[in-house]
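Here the structure comes first, spelled out in structure tokens, and everything after it is commentary.
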Amino acid sequence: CLTHSLHPSSRKKETIAQPIQNITVKDRPEIKVKISKKIVREHLSDLDENKSSGLMGLHPRVSKELAEVISEPLHHIFQKSWSTGELPEDWKRADVVPIFKKG
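Mapping to my numbering: the sequence shown position 41 is 41, numbers consecutive.
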């Protein structure tokens, strides 16, 4: 019966893969990446001013206007993060807010 095969209880449960634990920088292949200050500045300059503020509370317009100034420290953070395989703790957190739509 078609309706029976479409019913959620009749479907097979899918196995969800578990995340890989304890991978270190030594475990990943060496990939040479050069993140230039120019690229960081260009991405900051291209931010959409109609988006909301990020985790740090900076509105995209502020980041865009300060691109020349903040691209240097961000460049340093990105390079350090890539070379060590570590992220700043604040970057690991997110404020996820569901937005319900009609329907």
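No residue lacks a Cβ here, since even glycine has one placed at the ideal position from N, Cα and C.
Closest Cα partner of valine 97 within the set Ser52, Asp48, Ser45:
In the sequence shown, the residue the question calls residue 97 occupies position 97. Answer by Cα proximity: Ser52.
Under a three-way DSSP split, which group does lysine 92 fall into?
Here residue 92 is taken as the residue at index 92 of the sequence shown, counted from 1. Lysine 92: helix per DSSP, three-state reduction.
What is the DSSP secondary structure of proline 98, reduced to helix, strand or coil?
In the sequence shown, the residue the question calls residue 98 occupies position 98. Residue state, collapsed to three classes: coil.
So, using beta-carbon positions, are serine 45 and lysine 64 closer together than 8 Å?
Along the sequence shown, one-based indexing puts residue 45 at 45. Along the sequence shown, one-based indexing puts residue 64 at 64. The answer is yes: Cβ separation under 8 Å.
Would you check if the distance between the CB atom of valine 40 and the CB atom of phenylalanine 78 is smaller than 8 Å?
One-based indexing of the sequence shown puts residue 40 at position 40. One-based indexing of the sequence shown puts residue 78 at position 78. For valine 40 and phenylalanine 78, yes; Cβs fall inside 8 Å.
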